[in-house]
Every structure is written in C-alpha cells, then in structure tokens.
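**Q** Please read through the structure below; I'll follow up with questions.
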Amino acid sequence: FEDPNTRNITMMVENTATGAIEDHEFDMVVLSTGVIPRHDSEVIRQLLSLSRTEDGFFMESHPKLKPVDAPTGGVYFAGCVESPKDVKDSVTQASAAAARTEILLNAGQISVEAITSELVPDMCTGCGICVRVCPFNAITGGDAKAKLPVEIIEAACKGCGTCAAECNFDAILMKHFEDAQIMAQIDAILDQDPLEKIVTFACNWCSYAGADLAGLSRMQYPTSQRIIRTMCSGRVDAAFILHAFEQGAPIVLVSGCHFVDCHYIDANRWTQKRVEKLWDDLEKLGIRPERLQLEWISAAEGQKWARTMKE
Numbered sequence: 001f002e003d004p005n006t007r008n009i010t011m012m013v014e015n016t017a018t019g020a021i022e023d024h025e026f027d028m029v030v031l032s033t034g035v036i037p038r039h040d041s042e043v044i045r046q047l048l049s050l051s052r053t054e055d056g057f058f059m060e061s062h063p064k065l066k067p068v069d070a071p072t073g074g075v076y077f078a079g080c081v082e083s084p085k086d087v088k089d090s091v092t093q094a095s096a097a098a099a100r101t102e103i104l105l106n107a108g109q110i111s112v113e114a115i116t117s118e119l120v121p122d123m124c125t126g127c128g129i130c131v132r133v134c135p136f137n138a139i140t141g142g143d144a145k146a147k148l149p150v151e152i153i154e155a156a157c158k159g160c161g162t163c164a165a166e167c168n169f170d171a172i173l174m175k176h177f178e179d180a181q182i183m184a185q186i187d188a189i190l191d192q193d194p195l196e197k198i199v200t201f202a203c204n205w206c207s208y209a210g211a212d213l214a215g216l217s218r219m220q221y222p223t224s225q226r227i228i229r230t231m232c233s234g235r236v237d238a239a240f241i242l243h244a245f246e247q248g249a250p251i252v253l254v255s256g257c258h259f260v261d262c263h264y265i266d267a268n269r270w271t272q273k274r275v276e277k278l279w280d281d282l283e284k285l286g287i288r289p290e291r292l293q294l295e296w297i298s299a300a301e302g303q304k305w306a307r308t309m310k311e
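Numbering (UniProt numbering), first residue to last: 1 to 311.
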C-alpha cells in the first residue's frame with residue numbers, strides 16, 4: 001500500500017527462511033514480467049513422458065542430485081523450460097545439461113535398469129490397461145479384439161511396477177519384485193502373532209528412506225510395523241492388501257512419495273485410485289476401511305514417519 005504522506009510503498013512479504021511476515025518500505029517497486037509455460041508444452045510432455053509442476057513447468061528428476069535431468073533417461077533441461085530464471089542461470093544450466101549429454105554419448109552403451117517388467121504373452125488379452133498406466137510409454141500395442149498382446153520396451157521401462165499391479169490377468173511379471181515374492185513376505189510377517197503387527201508397504205525412494213532416516217535419527221516409535229519395500233507405491237497390488245487382511249493383519253499401511261516428488265513421474269496417482277477403490281470394496285467385505293491407511297512421506301520426513309507409526 002502507498003503512504004499518502006511520503007508516497008512510499010509498503011510491501012508485506014513472507015521471509016521464506018524464517019516463515020515470518022515482514023513489512024518493507026520502498027521508494028519504488030518494479031515488477032518483472034510474468035513467465036508462463038508455452039501453450040504447446042503439453043505435446044512435448046506427452047511425447048517425452050515428462051512430469052510437470054503445479055505451475056505447468058517441466059519438473060527435474062531430483063532438485064539436488066539431478067537438477068538438469070528429466071525422469072525419462074536421455075532428456076535434459078536448460079533455461080526457462082523448468083522454471084523462470086535469468087540469463088546467467090540459464091547458461092549455467094545449459095552447460096550442465098551439455099556435460100550430462102556428453103557423458104551419455106561417450107559411454108558407448110546404455111545401461112538398462114535391471115528391475116523391469118516382463119510380459120507373459122499367453123496371459124495377455126491386449127486390453128491395454130498397462131499401456132494407459134505406464135508413465136514412461138514403455139508399453140505399446142495390444143488389441144483385445146484381435147487378441148494381440150502388448151509389447152514391453154525394456155530399455156524404456158524404469159521398474160515402477162504399476163503395470164503389474166493394474167493387470168487383471170497376471171500377464172506382467174516384475175523382475176525382483178514378483179507377486180510370489182511379496183506374498184511370501186506377507187506370509188512370513190503374519191505367521192506368528194499377526195494381530196500385533198502392522199504390514200507397511202514403503203516406496204524405495206521416499207517413504208522407505210524416511211523410515212531409514214527415522215531410525216538413524218533415533219526417533220522413538222512402536223516396533224509393531226513390518227516394512228515391505230517396493231520400488232514404487234504403484235507396485236502395491238490390491239491382492240497384496242487383501243491377502244494381508246486374510247492372514248490376520250489388523251492394519252495395512254501403503255506409503256509413497258508426495259505427488260510432485262514421485263520418482264516415476266505420476267505412478268503414485270494410480271496408487272491413490274487403487275486404494276480409494278479398495279476402501280469401497282473393503283466395506284462390502286465387512287472390513288472397516290480405516291484399517292487400510294495411505295500416507296505420503298518423503299525421504300526427509302523421518303519425523304512424519306515416526307508420528308504416523310505412533311498414530
């Protein structure tokens with residue numbers, strides 16, 4: 001607001017370091033021109049399987065560890081495509097992107113993720129559900145009418161496991177995180193005193209790391225929880241949760257990354273849809289829906305992990 005006597009402008013701002021609201025008086029305030037993403041950026045996003053911030057800019061793989069890398073391998077950012085920035089920051093980021101590109105080109109070969117999905121052609125009906133949920137466009141084809149199975153591009157697969165969890169025909173196997181392996185873990189956890197244990201599914205990149213931080217920080221919380229690690233919360237099949245309840249688990253907790261932090265772009269959104277559907281189904285089965293919990297916990301939120309376990 002403007003002071004009628006001095007004609008100076010007083011601005012109320014938030015100090016992002018302290019969180020306090022402060023008043024500052026200025027002779028003049030110059031606002032820079034607002035920057036918004038290109039109107040056709042959605043085309044690029046779909047083509048390269050990129051994730052976006054709430055403002056519509058493309059989001060990097062990790063703000064500290066991979067600030068110029070996109071979640072999709074071989075794609076790098078520079079300039080205002082990621083967020084508004086000045087010329088100096090744009091040039092610095094462009095240099096970093098060029099260096100990252102040079103490493104990839106000089107490698108001579110591409111390392112493929114060992115944890116990838118594998119198709120069982122005889123089981124596939126070509127329904128296309130996996131094609132729709134894959135955040136990396138690693139699954140193509142499929143025709144239910146012609147009974148043609150889908151095709152998995154192994155080099156593009158990042159191993160989130162969402163396709164395997166959504167497949168209704170058990171036509172997709174997740175290497176190193178197969179259904180039988182996870183079911184065996186559930187059975188082992190609930191083999192003795194099941195009513196005293198909480199089955200917890202934790203995402204490798206965020207909630208599992210958050211649990212690790214809670215332990216390293218010596219935070220106190222009940223020892224009743226038993227963790228089953230998956231690469232992404234999107235891997236948690238509804239069958240896993242129902243099996244845990246069948247074996248006597250009093251509570252099942254599904255945990256993963258916050259939506260804007262998902263290592264696999266937006267795979268955790270399918271987790272939420274799956275859990276919300278299960279809440280309705282559990283009530284029909286005579287199981288109280290509140291026995292199934294869903295929490296988003298980042299790698300830095302050890303305190304939230306401990307608090308969630310106490311609650």
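Beta carbons are placed, not taken as given, at the ideal position from N, Cα and C, and that holds for glycine.
For clarity, every value in this text was computed on a predicted model and none was experimentally measured.
Mind checking whether Val254 and Ser233 have CB atoms under 8 Å apart?
**A** The sequence position of residue 254 within the sequence shown is 254, counting from 1. The sequence position of residue 233 within the sequence shown is 233, counting from 1. The answer is yes: Cβ separation under 8 Å.
**Q** Report the option in Cys157, Met183, Asn106, Ser32 whose CA atom is closest to the CA atom of Phe136.
**A** Within the sequence shown, residue 136 is the residue found at index 136, counting from 1. Measuring from the Cα of Phe136, the nearest candidate turns out to be Cys157.
**Q** If you follow the beta strand (DSSP E) that Ser255 is in, where does it begin and where does it stop?
**A** Here residue 255 is taken as the residue at index 255 of the sequence shown, counted from 1. 251-256 is the span of the beta strand (DSSP E), which, as asked, contains Ser255.
**Q** What are the boundary residues of the beta strand (DSSP E) that includes Ser111?
**A** For the purposes of this step, residue 111 is taken as residue 111 along the sequence shown, with counting starting at 1. First-last for Ser111: undefined, no H or E at that position.
**Q** Following the continuous beta strand (DSSP E) through Thr271, name the residue where it begins and the one where it ends.
**A** Here the question's residue 271 lines up with position 271 in the sequence shown. No beta strand (DSSP E) holds Thr271; the alpha helix (DSSP H) holding it covers 267-284.
**Q** Is Gln93 helix, strand or coil when you go by DSSP?
**A** By 1-based counting over the sequence shown, the position of residue 93 is 93. Here Gln93 sits in helix by DSSP.
**Q** Let me check understanding here. Comparing Cα to Cα, which of Gly79, Lys64, Cys80, Met59 lies closest to Ala70?
**A** Position 70 of the sequence shown, counted from the first residue, corresponds to residue 70. Among Gly79, Lys64, Cys80, Met59, the Cα nearest to that of Ala70 belongs to Met59.
**Q** With a 10 Å radius around its C-beta and 16 neighbouring C-beta atoms as the bar for buried, classify Arg288 as buried or exposed.
**A** Sequence index remark: in the sequence shown, residue 288 carries index 288 (1-based). Exposed, since its Cβ has fewer than 16 Cβ neighbours within 10 Å.
**Q** Please state whether the Cβ-Cβ distance between Met231 and Phe177 is less than 8 Å.
**A** In the sequence shown, counting from the first residue as 1, residue 231 sits at position 231. In the sequence shown, counting from the first residue as 1, residue 177 sits at position 177. Yes, the pair counts as a contact, with Cβ atoms nearer than the cut-off.
**Q** Under 8 Å by Cβ, that's how I've got Ile297 and Cys167 pegged, so tell me the actual separation to the nearest angstrom.
**A** Sequence index remark: in the sequence shown, residue 297 carries index 297 (1-based). Sequence index remark: in the sequence shown, residue 167 carries index 167 (1-based). In fact, because the Cβ distance is near 27 Å, the residues do not count as touching under 8 Å.
**Q** With Leu119 and Ala184 assumed to form a contact (beta carbons below 8 Å), what rounded beta-carbon distance in angstroms separates them?
**A** By one-based count along the sequence shown, residue 119 stands at place 119. By one-based count along the sequence shown, residue 184 stands at place 184. About 23 Å separates the two Cβ atoms, so there is no contact after all.
**Q** What do you reckon, are the CB atoms on Ala165 and Arg229 nearer than 8 Å?
**A** Looking up residue 165 in the sequence shown gives position 165. Looking up residue 229 in the sequence shown gives position 229. Against a cut-off of 8 Å, the Cβ pair of Arg229 and Ala165 comes out as no contact.
**Q** Determine, using beta carbons only, whether Asp27 and Asn8 come nearer to each other than 8 Å.
**A** As a working mapping, residue 27 is identified with position 27 in the sequence shown. As a working mapping, residue 8 is identified with position 8 in the sequence shown. In contact: Asp27 and Asn8 (Cβ atoms closer than 8 Å).
**Q** Which residue comes first and which comes last in the beta strand (DSSP E) that contains residue 319?
**A** Lying outside 1 to 311, the shown extent of the chain, residue 319 is not represented and no answer is given.
**Q** Who are the near neighbours of Thr72 in its chain, counting only those whose CB is closer than 7 Å to its CB and skipping five residues on each side?
**A** As a working note, residue 72 is residue 72 in the sequence shown. So the qualifying residues of the chain are Leu48, Ser49, Leu50, Phe136.
**Q** Report, in whole angstroms, the separation of the C-beta atoms of Tyr221 and Met309, which I expect to be a contact under 8 Å.
**A** As a first step, residue 221 is located in the sequence shown; it is residue number 221 there, counting from the start. As a first step, residue 309 is located in the sequence shown; it is residue number 309 there, counting from the start. About 4 Å; that satisfies the 8 Å criterion.
**Q** First and last residue of the alpha helix (DSSP H) that includes Glu151?
**A** By 1-based counting over the sequence shown, the position of residue 151 is 151. Premise fails: Glu151 lies in the beta strand (DSSP E), 148-152, not in any alpha helix (DSSP H).
**Q** If you drop the 5 nearest sequence neighbours on each side, which residues of the same chain put their C-beta closer than 6 Å to that of Asp179?
**A** Position 179 of the sequence shown holds residue 179. Cβ within range, chain order: n/a, list empty.
**Q** Would you grab the beta carbon distance between Gly248 and Leu195 for me? Rounded to a whole angstrom, and I think it's under 8 Å.
**A** On the sequence shown, position 248 is the one that residue 248 refers to. On the sequence shown, position 195 is the one that residue 195 refers to. Indeed they touch by this definition, with Cβ atoms about 6 Å apart.
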